[in-house]
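Structure, as structure tokens:
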Amino acid sequence: MIAIEWASLVPLPVVLSLVGAGIAVAVAGRLRLQRTVAITTLSLEVAVSVALLFGADSVGPLTVDVGGWPASIGIVLVVDRLAALMLVVSSVVTLGVLLYSIGQGSATNDDEEAPVPIFYPTMLVLSAGISNTFITGDLFNLYVGFEILLAASFVLLTLGGTESRVRAGISYVVVSLLASLVLLTAIALIYAATGTVNMAQLASRLDELPDGTRLVLQLMLLVAFAVKAAVFPVFGWLPDSYPTAPAPVTAVFAGLLTKVGVYSIVRTQTLLFPDGRLESLLMWAAFFTMLVGIVGAVAQSDIKRMLSFTLVSHVGYMVFGIAVGTAAGISSAVFYVAHHITIQTTLFLVIGLIEQRGGSTSLSRLGGLARVAPLLGVLYFVPALNLAGIPPFSGFLGKVGILQAGAEQGTWLAYLLIGASVLTSLLTLYAVSRVWNRAFWQEPSEAVLAEPRRLVVGTVAPAAALVAVSVGISVIAGPLFAVTDRAAQDMLSRTPYIDAVLPGDLP
Amino acid sequence: MIPNLVLVITAGLLFATGVYLILARSISRALLGIILLSNGANVLFLVAAGPAGRAPIVGVNDEAEMTDPLPQAMVLTAIVITLGMTAFILAMAHRSWQLSRTDVVADDVEDLRLVELAERDADPHPESDESDEAVDEVSR
């Protein structure tokens, strides 16, 4: 093996994005230069993330003590298999969305939702915030990472300042800030109870607390992350705010922001609170999330809102896997996270293409797209089947993994959830095929035939590339499951993480 | 650790008033609520820091008498974050004022649509294409 200094790569995902954002702001007047900076930064980030995944898988958790301060009093950045996998998926997806928005921007120069000079820097800051939450090793830096990505998401959501966006933005801002404040309060209480916010140290110190105190802290953290992850019953903000944003912005939000919340739940549940006390609470939350989300999706007549509801619903699958708590459950949940990030982003980008070609995303206005734009039909059909869980795609594989983990546990609640999962999958299939039927089949409607709109190649290529990536995940599902299995076992035993962060016998 | 009662009560009061304000209709009131809530969380950090002591500067004060510097760093970060968020929400409130001369958080689109549908069901005289208009509003 080449002796690579893996640890030097660890801060790069955050540093690259922030430096890129700074440069992009500095060249604010020159759009082409901004685009080049953005693409270069994200491509470098993809490369670094892949390298980190390779390093974390072969060597173990990679840590960096920021500023040289020892881990007990300073900030530590940790990249284990889970974090590296999340970094890879998020950077690939962000790069795809960025290429799509570049293609869209260059075709419609006077579009009211065209990227103003802050679009590219803000996307890079969003990417930096997401990377920061994935690689951080202490709770307060997690809060800071959340705030970075939240602030960037506020800007992206209200881009252009139209009335509908400001309305959606206000409710999104208030709900998100409320969740962040719950997180901040939880961190203050954790510090008061244990004297540290470093997650590796907390792993041992939280065990020494009285049961009631630990339960309160666990619940507060769970509530804060559940709002971010859009779990029942705190998911209402998501379908309200996501559809109003521009298509690439909704794509990256849908793909990444809720998964940051899911990642935080996985990390805190496995590392900090491993005794599984809230298992049935999480199971019931998953149950209702799955069913309420998909029933909401079926009731929609606008494709964007339908996909927002399926996004909520499928978070329930991930929470199910986490609630089961075994290595198989967590491994399948992580695999499903990776799959779902890709597939949801891809679908939202394809919806953006539909909006380009057909003029709207309302099912009552669309029709017959398969005849006028067959490529668009394929680009919708493949990820839609993937989302619905049709074999041999990764959606099917992830769901089977979660269902198997639930069946291994064997309680009646697990079987109830297995039934709900299968029902949700069927209803997802119904929802996406309803869209297929009304938007792609049938005679072309007037809206579709109104003007000869052509699809811009600059947007079709990135969307097609992301569809290919989602199919690729299905192809490499075997090795990917092997990686997530190893990650899950590391997480459940906790010692690789703790030993990497706290070498020696620091308490 | 015995927490400072005055600080705990202050934090509680700030949280209570913050929650009351954040549920208000007006954006400016919700913003005030957010500011109060985050100040309450900051005071909670002060509670977590333990009893008051001397400034935590190495070489100036004896280490045994120093206050805990870590919560102070966290409070500073939280204050700056709240500052940024406050600026953004103020800009949005101003934008909302520019657009609609009002400061309130508008109703949810879905709720408006449901109200329209309910009124349509209650009304024996059907009007033309109301449901399509509601759908159009959603799809924008």
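Order-wise, the sequence lines are chains A and B.
For the first sequence, this note's numbering assigns the number 247 to the initial residue and increments by one for each residue that follows.
For the second sequence, this note's numbering assigns the number 61 to the initial residue and increments by one for each residue that follows.
Where is the CB? At the ideal position from N, CA and C, for every residue including glycine.
| request: Give the C-beta separation of SER640 (chain A) and HIS585 (chain A) to the nearest angstrom, bearing in mind that I take them to be a contact with Cβ-Cβ under 8 Å. | output: Sure, about 4 Å apart at Cβ, within 8 Å.
| query | Does the Cβ of ASN102 (chain B) have 16 or more other Cβ atoms within 10 Å, making it buried, or fewer, making it exposed? | reply | Around the beta carbon of ASN102 (chain B), 16 or more other beta carbons lie within 10 angstroms, which makes this residue buried.
| The beta strand (DSSP E) enclosing THR309 (chain A), as first and last residue numbers | Run containing THR309 (chain A): 308–311, per the beta strand (DSSP E) assignment.
| Inter-stretch contact (C-beta, 8 Å, three-pair minimum) for the stretch 481–499 of chain A and the stretch 536–556 of chain A | Yes, the stretch 481–499 of chain A touches the stretch 536–556 of chain A.
| query | With C-beta atoms as the reference, is LEU87 (chain B) less than 9 Å away from ILE416 (chain A)? | reply | Reading off the sequence, residue 87 (chain B) comes out as Ile, not Leu. At the C-beta level, ILE87 (chain B) and ILE416 (chain A) come within 9 Å of one another.
| Three-state secondary structure (DSSP) of THR379 (chain A) | Three-state DSSP puts THR379 (chain A) in a helix.
| request: Pair every Cβ in the stretch 267–278 of chain A with every Cβ in the stretch 322–330 of chain A, then say whether three or more of these pairs are closer than 8 Å. | output: A contact between stretches requires three or more CB pairs, one per stretch, nearer than 8 Å, and the stretch 267–278 of chain A fails this requirement with the stretch 322–330 of chain A.
| Under a CB-based cut-off of 9 Å, is THR137 (chain B) close to chain A? | Judged by the 9 Å Cβ criterion, THR137 (chain B) is in contact with chain A.
| said: Below 8 Å, how does it come out for the stretch 672–685 of chain A and the stretch 610–630 of chain A: are there three or more Cβ pairs, yes or no? | reply: Yes, since at least three Cβ pairs between the stretch 672–685 of chain A and the stretch 610–630 of chain A fall closer than 8 Å, the two stretches touch.
| CB contact check: PHE386 (chain A) to chain E, cutoff 9 Å | Of the protein chains in the structure, A and B, none is chain E.
| query | Buried or exposed: which applies to ASP326 (chain A), given that a residue is buried once 16 or more other Cβ atoms fall within 10 Å of its Cβ? | reply | Counting the other CB atoms within 10 Å of its CB gives ASP326 (chain A) a total of 16 or more, which places it among the buried residues.
| query | Closer than 7 Å, Cβ to any Cβ of chain B: which residues of the stretch 389–422 of chain A, in chain order? | reply | Listed in sequence order: VAL390, GLU393, ALA397, PHE400, THR404, GLY407, GLU409, SER410, VAL412, ARG413, GLY415, ILE416, SER417, VAL419 and VAL420.
| task | Starting from the beta carbon of PRO111 (chain B), find every residue of chain A whose beta carbon is closer than 8 Å, and list them in chain order. | result | For the C-beta of PRO111 (chain B), not a single chain A residue is nearer than 8 Å; the gap to the nearest is close to 13 Å.
| DSSP bridge partner residues for ARG8 (chain B) (one or two, in chain order) | Not covered by the structure: residue 8 (chain B). The range shown for chain B is 61 to 200.
| query | Got a sec: is the Cβ-Cβ distance from ASP183 (chain B) to anything in chain A below 9 Å? | reply | So no, ASP183 (chain B) is outside the interface.
| task | Kindly indicate if chain A contains any beta-carbon less than 9 Å away from that of ILE82 (chain B). | result | It does; some Cβ of chain A falls within 9 Å.
| task | Return the residue from the list A:ALA545, A:LEU557, A:LEU448 and A:LEU701 that minimises the CA-CA distance to THR741 (chain A). | result | Nearest of A:ALA545, A:LEU557, A:LEU448 and A:LEU701 to THR741 (chain A), Cα basis: A:LEU448.
| field | Where the alpha helix (DSSP H) through LEU748 (chain A) begins and ends | value | In the DSSP assignment, LEU748 (chain A) falls outside any alpha helix (DSSP H) and carries neither an H nor an E.
| task | Assign ASP521 (chain A) to one of three DSSP states: helix, strand, or coil. | result | Coil.
| query | Ends of the alpha helix (DSSP H) at VAL462 (chain A)? | reply | Taken as a continuous stretch (DSSP letters only), the alpha helix (DSSP H) holding VAL462 (chain A) covers 457–475.
| said: For a cutoff of 9 Å on Cβ pairs, would you count ALA101 (chain B) as touching chain A? | reply: So, interface residue.
| request: Verify whether the separation of the beta carbon atoms of ALA709 (chain A) and LEU595 (chain A) is less than 9 Å. | output: Inclusion of ALA709 (chain A) and LEU595 (chain A) in the CB contact set at 9 Å is warranted, their separation being smaller than that value.
| request: Round the Cβ separation of GLY93 (chain B) and LEU104 (chain B) to the nearest angstrom and send it over; I've been treating them as touching at under 8 Å. | output: The Cβ separation is near 17 Å, so there is no contact.
| Three-way DSSP call (helix, strand, coil) for PRO742 (chain A) in this model | It is helical.
| task | Could you list the residues in the stretch 314–343 of chain A with a C-beta less than 7 Å from some C-beta on chain B, going in chain order? | result | Cβ contacts with chain B come from ILE319.
| query | Between the stretch 454–463 of chain A and the stretch 147–164 of chain B, do at least 3 Cβ pairs fall closer than 8 Å? | reply | Segments in contact, no.
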